[in-house]
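Here the structure is laid out as structure tokens; the discussion comes afterwards.
Chains as they are written, first to last, in my numbering: chain A, 7 to 556; chain B, 182 to 304.
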């Protein structure tokens, strides 16, 4: 191979002595050339840089377009001369191993950086310095070389190239690593809302990281000095921080302190500041530290405290509410016994157990009896509320025929309707509608709603009851032609102890717990009560209950 | 003459019931709590027991359990319930010879009628 060419050139040609003289000048020139060639070879051999010559199997016309030239270079170029330094860069012991290796085998062809490198070489007029190529050594490891190369052009064609290269792999990789770790640090600082600073105490020079400026509400271009920094501290916590800094400057101990700062825009923020002075001969020369925004943690702290306070308050309220419920329950129980006693004794008089009474006496006792009945009713209502509010109501569900249930209720109240001259319309579905419900309690719910419908409907009007099944639910509609419920009072309808104001409510008695209790019972069934109403036209109450299963 | 045992801790109510039932021609025994009622049962077997549930010392439930009367048919029982224990009473008093009524719901005549009806039912 061509590698021996240079060595051959160095040998003095075999000449006879006669001709030697004549040819002396040429010989001297040759000798000198050989000597320079020798020095050249020595230089090449000992150079730490890779030195190489590339030959093109077939010259490439420089008139071709650049991409074509690049392609042809990969195809035609091979290494014809190299030194050991160069060989070592590719993982070989001696240069010999490299000779004849094609460019395509050395350079990663797919790497756009390499294509760019060759293009730059062509564009530069075949003379390029300090360009990094991405190559691979014999073991397939990535290598980066800094190249300088010159192309030899003969008759408009590139015939060979000379070049030198330095292995910059380690350097580049180290730079890459540093860059990556810097990026990681920047990311970490950003993620934790943390910035770093360094203070040259002696020269009073303060260096802030861009993150720190952001944390202090400053622009990246803003200059910062210790004095400026001190001004940004919130007066409420400045003393605390300055004391810590002063202590660290004296002792070299680290500090950690939560303090407030004021941004240029006037907003106040919480910071966790940490730092430590570096002493030399007992004197602080430098101080380094970090500041972290802890607004969120502080907010959470506050929230937690508020939360805690609310929890305690809630507990107190619940216990208060429980005491109230217990009071109502106890008071009602206590009231009930004497009231029942009154009922029994007046009852005895009224029913003749105490002997004959005249008409006037009977009348007075009847008033007392009715008043007592009303009292007992209120007490029972209060107990009912206390009972359901205490969560003591457990439903007893059975299959219940709603056709029958409604028919019974309406029959029982028939006299009331008759007295008020009200007509009732109820056409039960042909097939009995059965639902799994607490029949006794739902009966009380429906009685209450039907009773209300009758109470708040003027004489001569109609009440219609309609029963149907819909999507696994039973719906009981109770529509009246009564006074209606004003829109603004709808929301209070199901509240405890509220009664809707209308011209009949003063006549009609009630404690205002009927619908409250009814809703609670329906809720326990996982059903609901819907109401629609128009003033002076009437109201429709719809009780919706899941059909349920046994 | 049929005997009725009134078990009621409230004196005012107990004497009211006693007056009514005596006037109705029954022999009346009185007990202030379940314990006293059990004492009566040792000596005599009443035809009917008027039983309050909420009582100190021994309440109506304990009395029913101790006396084992709930399932016997020879002694009829009317238990006075309040709103909260209707459900429980339904479970305890299953026999047809027992009844539970809301304490404040009956007037003297109605109470007498209820008792009369129960005592006459198995004739």
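Glycine is no exception: its CB is placed at the ideal position from the N, C-alpha and C atoms.
Here the structure is a predicted model, which is why all the values come from computation and not from measurement.
Any chain A beta carbon closer than 8 Å to residue i
i, result
"residue 197 of chain B", "yes"
"residue 296 of chain B", "no"
"residue 240 of chain B", "no"
"residue 259 of chain B", "no"
"residue 262 of chain B", "no"
"residue 288 of chain B", "yes"
"residue 193 of chain B", "yes"
"residue 285 of chain B", "yes"
"residue 306 of chain B", "Given a span of 182 to 304 for chain B in the structure shown, any question on residue 306 of chain B remains unanswerable."
"residue 187 of chain B", "no"
"residue 212 of chain B", "no"
"residue 218 of chain B", "no"
"residue 318 of chain B", "Examination of residue 318 of chain B is not possible in this model, given that chain B is present from 182 through 304 alone."
Residue i versus the options, residue with shortest Cα-Cα distance
i, options, result
"residue 119 of chain A", "A:129, A:109, A:140", "A:140"
"residue 163 of chain A", "A:128, A:294, A:138, A:90", "A:128"
"residue 500 of chain A", "A:455, A:405, A:240, A:230", "A:455"
"residue 180 of chain A", "A:149, A:285, A:105, A:216", "A:149"
"residue 65 of chain A", "A:159, A:330, A:555", "A:159"
"residue 97 of chain A", "A:453, A:414, A:147", "A:147"
"residue 423 of chain A", "A:405, A:461, A:407", "A:461"
"residue 126 of chain A", "A:110, A:100, A:142, A:71", "A:71"
"residue 117 of chain A", "A:138, A:106, A:131", "A:138"
"residue 99 of chain A", "A:209, A:51, A:369", "A:51"
"residue 384 of chain A", "B:231, B:285, B:255", "B:285"
"residue 431 of chain A", "A:279, A:79, A:470, A:496", "A:470"
"residue 87 of chain A", "A:54, A:169, A:154", "A:169"
"residue 165 of chain A", "A:241, A:264, A:174, A:62", "A:62"
"residue 205 of chain A", "A:428, A:67, A:306, A:283", "A:283"
"residue 451 of chain A", "A:527, A:496, A:411, A:433", "A:527"
"residue 396 of chain A", "A:46, A:327, A:472", "A:327"
"residue 336 of chain A", "B:196, B:298, B:235", "B:235"
Chain B contact for residue i (CB, 8 Å cutoff)
i, result
"residue 324 of chain A", "no"
"residue 389 of chain A", "yes"
"residue 382 of chain A", "yes"
CA-to-CA distance, residue j to residue i, given in whole angstroms
i, j, result
"residue 194 of chain B", "residue 347 of chain A", "5 Å"
"residue 83 of chain A", "residue 178 of chain A", "27 Å"
"residue 351 of chain A", "residue 259 of chain B", "20 Å"
"residue 449 of chain A", "residue 408 of chain A", "9 Å"
"residue 274 of chain B", "residue 241 of chain B", "11 Å"
"residue 202 of chain B", "residue 229 of chain B", "12 Å"
"residue 304 of chain A", "residue 312 of chain A", "12 Å"
"residue 210 of chain B", "residue 356 of chain A", "25 Å"
"residue 73 of chain A", "residue 198 of chain A", "49 Å"
"residue 257 of chain B", "residue 279 of chain B", "6 Å"
"residue 442 of chain A", "residue 225 of chain B", "45 Å"
"residue 557 of chain A", "residue 233 of chain B", "Look at the range of chain A in this structure, 7 to 556, and you will see that residue 557 of chain A is not part of it."
"residue 10 of chain A", "residue 189 of chain A", "Unreliable placement is indicated for residue 10 of chain A, whose pLDDT of 42 sits below 50; no coordinate value is reported for it."
"residue 212 of chain A", "residue 176 of chain A", "34 Å"
"residue 191 of chain A", "residue 225 of chain A", "20 Å"
"residue 301 of chain B", "residue 281 of chain B", "17 Å"
"residue 302 of chain A", "residue 491 of chain A", "49 Å"
"residue 297 of chain A", "residue 288 of chain A", "26 Å"
"residue 185 of chain B", "residue 344 of chain A", "23 Å"
Rounded Cβ spacing between residue i and residue j (contact assumed at less than 8 Å)
i, j, result
"residue 223 of chain A", "residue 214 of chain A", "Going by Cβ atoms, the distance from residue 223 of chain A to residue 214 of chain A rounds to 12 Å, so no, they are not a contact pair."
"residue 522 of chain A", "residue 502 of chain A", "5 Å"
"residue 188 of chain B", "residue 212 of chain B", "5 Å"
"residue 136 of chain A", "residue 152 of chain A", "6 Å"
"residue 487 of chain A", "residue 467 of chain A", "4 Å"
"residue 89 of chain A", "residue 57 of chain A", "5 Å"
"residue 305 of chain B", "residue 231 of chain B", "Residue 305 of chain B lies beyond the range of chain B shown here (182 to 304); nothing can be said about it."
"residue 155 of chain A", "residue 184 of chain A", "Residue 155 of chain A to residue 184 of chain A, Cβ: 29 Å. No contact."
Distance cut-off 7 Å: residue i Cβ against heavy atoms of the ligand SAM
i, result
"residue 441 of chain A", "The model depicted lacks the ligand SAM and carries no ligand whatsoever."
Residues within the region 340-369 of chain A neighbouring chain B, beta-carbon criterion of under 8 Å: Cβ contacts with chain B: 342, 343, 344, 345, 346, 347, 349, 350, 351, 353, 354, 356, 357, 359.
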